[in-house]
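The working numbering applies: residue 72 is where the first sequence begins, and numbers increase by one.
All C-beta atoms in this analysis are idealised placements derived from N, C-alpha and C, irrespective of residue type, glycine included.
Just so it is clear, the structure is predicted and the values come from calculations on it, not from any experiment.
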Amino acid sequence: MALINITLPDGTINEYASGITCAEVVTDVLGRKHGCLAANVDGTQRDMSYQIEQSCSVEGILSDSDEGIHILRHSAAHLLAQAVMELYPDAKPTIGPAIDRGFYYDFAMDPIAESDLKPIQKKMQELARKNFTVERVDLTDEELQQHFADNPYKLEIINDKIEDGGGSTIYKQGEWYDLCLGPHVPNTSRLMFCKLTSVSSAYWRGDQEREQLVRIYGIVEPTKDAMKATLHRMEEAKKRDHRKLGKDLQLFHIDEEVGQGLILWTPRGSIIRQELQDFISSHLRRQGYSQVFTPHVGKLDLYRTSGHFPYYQDSQYPPLVERDLMKKLADDGCTCSELSNLMKTGDIDGYMLKPMNCPHHVKIYASQARSYRDLPLRLAEFGTVYRWEQSGEISGMTRVRGFTQDDAHLFVTEDQIAQEVLGCIELVQIIFDKLGMTDYRVRVGLRDPDSTKYVGEPEGWDKAEKACRDAAESLGVEWSEEQGEAAFYGPKIDFVVKDVIGREWQLGTVQVDYNLPERFDLSYKGNDGEMHRPVMIHRAPFGSMERFCGVLIEHFAGKFPTWLTPTQCHIITISERHKEYAHEVAKLLRENDVRVLVDDGDDTIGKKIRNHRKLQPAYMIILGDGEEESRTVSLRARNGDQVAGISLDDFIVQINEEIADKVSIPSLAVNED
RNA sequence: GCCACCGUGGCUUAGCGGUAUAGCACCUCAUUGGUAAUGAGGAGGUCGCGAGUUCAAAUCUCGCCGGUGGCUCCA
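Shown next as structure tokens:
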């Protein structure tokens with residue numbers, strides 16, 4: 072028998088007989104209890120049963136590695152399908168991949184309820200315990216057709232994805248088998264710790280026009296402890312959900328009578344928003360932006376010119392038509408669809424809630440003759456826009472129908488693009504740094520070189536794309552280039568963050584735009600005396616105040632830094648005779664721009680502390696005889712730390728410093744170990 | 001929009017065919033208390049909205065409104 076050399080991760084080379092399996096190699100190296108699920112053979116993932124014929128490198132894949140957990144999840148999806156097929160023989164399995172947080176499997180079957188998951192999960196555990204060997208089998212094209220003859224979904228995949236004559240593989244465990252490339256765990260006992268989390272619907276191949284499938288989600292962990300830890304993490308995440316905290320902390324309210332996805336900022340939430348806006352504004356002024364204000368509506372014609380009305384109608388609130396015109400049309404017997412047609416063709420006009428601020432800003436640019444000396448012209452506005460999101464998409468503050476962008480439009484010459492894009496990015500960096508937000512990724516959307524849908528000249532695009540890349544690079548965080556992800560009018564940079572349950576949300580965006588200046592026929596006179604077309608940069612570094620605050624609530628888990636905390640100090644009296652001093656302290660703090668709240672009620676001190684904790688003030692100030700006599704305050708921090716006897720004057724100085732510096736964690740009363 | 005689940009006073013929640021349960025918050029009284037619940041009392045709900053079934057509906061049925069999770073991270 073031929074001998075082969077196998078290189079191990081540490082560089083040593085062992086000699087084995089050709090045909091040895093991955094499992095045997097790994098066992099030989101790591102011992103019987105190696106815990107590997109599969110192996111990398113020359114960098115390619117293989118099953119443990121894979122027979123090695125030639126010299127190569129081999130590395131075991133452990134269940135707690137990224138690769139390992141992925142395999143575990145994928146195998147758990149198979150186990151789920153096996154369980155569902157035993158309980159619902161008429162179901163047709165379709166696809167079941169591993170995903171970032173677990174796995175899912177889609178079935179063509181009658182809808183099931185969440186309560187049906189328990190029995191399925193039980194069946195999975197039962198099957199896992201039977202410890203089926205998971206076996207890879209090579210099949211020819213004909214055999215594949217036979218094996219999946221009763222499953223049109225699998226046949227579609229076979230026909231679409233598998234080259235003729237190539238055949239493919241299935242994985243078998245017991246009687247059940249599935250079309251799959253693998254690799255998979257060697258046996259089902261590895262899948263003991265599974266939990267099905269939810270059931271929902273999905274369309275076959277994500278296409279709304281196609282069959283609706285039942286999707287079952289689950290999570291799997293290699294050990295009982297790992298499962299416990301994951302479940303605990305999920306519980307903790309729930310506690311910092313901005314929708315829960317928004318209610319607890321009285322930051323915002325959504326009222327069904329006002330409308331879905333429309334945020335009412337309560338007094339406490341408004342303070343946070345206002346502080347953020349002030350912060351952003353101060354940096355905008357430094358960067359040479361001009362603040363503007365524009366109304367919430369504009370004429371339909373404006374949006375015909377910009378292209379919003381014809382192209383994005385489905386995601387806009389329906390247009391507003393003047394009352395007299397409406398009446399006249401009604402008297403003439405005009406139907407709704409006729410009205411809609413008349414608006415589309417431009418035969419009648421109306422108004423629209425603005426879906427974007429750019430057309431208004433463009434009109435400010437165009438209100439004067441511009442010369443190259445005016446550029447770059449940077450127009451900024453906290454502009455509120457309205458979009459008709461699908462009802463099922465709406466969620467808390469992160470997906471809404473009315474929101475305020477920290478918007479700006481920069482009108483620049485082509486030569487200025489790079490520098491201005493960089494300026495936009497710098498602003499994001501300054502503010503993210505201040506807020507301690509480091510967990511975000513940057514996506515640079517570039518044009519698809521093979522497509523012709525893009526407006527503008529290729530040379531301009533090259534420059535703009537380079538500007539976006541360079542800007543992203545300058546941030547020093549994870550960023551990726553995505554070809555074909557550019558808007559048709561220019562490349563862009565997006566900032567993406569995750570919420571507590573791991574969903575990704577796009578916050579800010581910087582977009583270079585050759586299109587709108589064209590559509591609105593914008594121009595400026597260059598130093599050559601000729602007329603030129605400016606380029607626009609759209610940028611909303613935080614996306615919307617709503618989404619940004621939602622993400623921020625979760626980022627801080629409701630424990631905002633002092634400068635953002637709605638009520639920074641809650642003053643608590645020990646007894647009734649300290650009332651006067653408490654109000655004196657409150658008055659003094661207010662005069663020094665500190666936001667305070669006084670509780671001079673007759674609850675006990677313990678009770679008051681307990682109650683006030685719910686609102687997460689930066690500090691509680693406890694006032695009793697001692698404090699009053701010495702004109703001091705005693706502080707209690709959020710973590711329970713206490714400092715007594717700080718002179719009132721010192722405290723005012725210190726808290727004002729803390730507020731001015733925008734430190735992320737209130738630290739005045741925190742004892743250092 | 002589509003699928004599943006959910007909707008009881010400001011918040012959390014019991015009840016799931018005989019006109020509603022508790023805690024917190026709120027108000028009153030007593031207590032004047034030193035760092036995560038002092039005691040007693042009180043007020044507050046047409047059980048999301050509308051229809052239907054029934055002698056009787058928070059409870060069953062249907063429609064609507066709203067919320068939650070999900071709707072390609074592809075065999």
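Item                                                                                                                                                        : Value
Mark ALA110 as exposed unless 16 or more other C-beta atoms lie within 10 angstroms of its C-beta, in which case mark it buried.                            : buried
Is the beta carbon of GLN577 closer than 8 Å to that of GLY614?                                                                                             : yes
For VAL483 versus GLU491, is the C-beta spacing smaller than 8 Å?                                                                                           : yes
What are the complete alpha helix (DSSP H) segments, minimum 4 residues, inside the region 293-331?                                                         : 295-310, 313-319
Nearest-angstrom Cα distance between GLU246 and THR98?                                                                                                      : 28 Å
Tell me the DSSP secondary structure of THR644 in three-state form.                                                                                         : strand
Taking the alpha-carbon of ALA611 as reference, which of THR580, TYR585, MET602, PRO588 has the nearest alpha-carbon?                                       : THR580
Are the CB atoms of HIS141 and GLN244 within a distance shorter than 8 Å?                                                                                   : no
Bridge partners of ILE717, per DSSP?                                                                                                                        : VAL704
Mind checking TYR652: buried by the 16 CB within 10 Å criterion, or exposed?                                                                                : buried
Would you report the Cα separation of ILE717 and THR638, rounded to the nearest angstrom?                                                                   : 20 Å
Since LEU320 and LEU686 should fall inside the 8 Å C-beta cutoff, what is the C-beta to C-beta distance between them, to a whole number of angstroms?       : 6 Å
Enumerate, from N- to C-terminal direction, the unbroken beta strand (DSSP E) stretches of 3 or more residues contained entirely within the region 569-631. : 575-584, 606-611
Decide if PHE559 is buried, meaning its Cβ has at least 16 other Cβ atoms within 10 Å, or exposed.                                                          : exposed
Determine the DSSP secondary structure at SER146, reduced to helix, strand or coil.                                                                         : helix
Where in the region 155-229 do unbroken runs of the alpha helix (DSSP H), each at least 4 residues long, occur, reported from the N-terminal end onward?    : 188-200, 212-218
Is LYS563 helix, strand or coil when you go by DSSP?                                                                                                        : strand
Compute the Euclidean distance between the alpha carbons of GLU227 and ASP235, then round it to the nearest angstrom.                                       : 13 Å
Could you tell me the boundaries of the alpha helix (DSSP H) in which ASP385 lies?                                                                          : It is not in any alpha helix (DSSP H) - ASP385 carries neither H nor E in the DSSP assignment.
Please classify VAL483: does DSSP put it in a helix, a strand, or coil?                                                                                     : strand
Would the beta-carbon of TYR288 fall within 8 Å of that of THR268?                                                                                          : yes
Count Cβ pairs between the region 409-422 and the region 307-317 that sit closer than 8 Å; are there 3 or more?                                             : no
Three-state secondary structure (DSSP) at ASP249?                                                                                                           : strand
Where ALA73 and MET263 are concerned, what is the direct C-alpha to C-alpha distance, given to the nearest angstrom?                                        : 39 Å
Answer with buried or exposed for THR204, where buried requires no fewer than 16 other C-beta atoms within 10 angstroms of its C-beta.                      : exposed
Between the region 661-675 and the region 640-647, can you find at least three pairs of beta-carbon atoms closer than 8 Å?                                  : yes
In this structure, how does DSSP classify PHE722 when only helix, strand and coil are distinguished?                                                        : helix
So, with DSSP's three-state summary, where would you put TRP550?                                                                                            : strand
Under 8 Å by Cβ, that's how I've got GLY561 and TYR585 pegged, so tell me the actual separation to the nearest angstrom.                                    : 6 Å
What residue range does the beta strand (DSSP E) around GLU86 cover?                                                                                        : 84-88
Measuring CA to CA, which of PHE364, ILE334, VAL583, ALA557 is closest to THR469?                                                                           : ILE334
If you draw a straight line from the C-alpha of VAL433 to the C-alpha of LEU593, how long is it?                                                            : 8 Å
Would you check if there are 3 or more beta carbon pairs closer than 8 Å linking the region 701-711 to the region 734-743?                                  : yes
Rounded to whole angstroms, what's the CA-CA distance from ASP209 to TYR242? Just pull it up for me.                                                        : 9 Å
Quick check on THR115: does DSSP put it in helix, strand or coil?                                                                                           : strand
Which residue's Cα is closest to the Cα of ILE608: MET691, GLU485, VAL256?                                                                                  : GLU485
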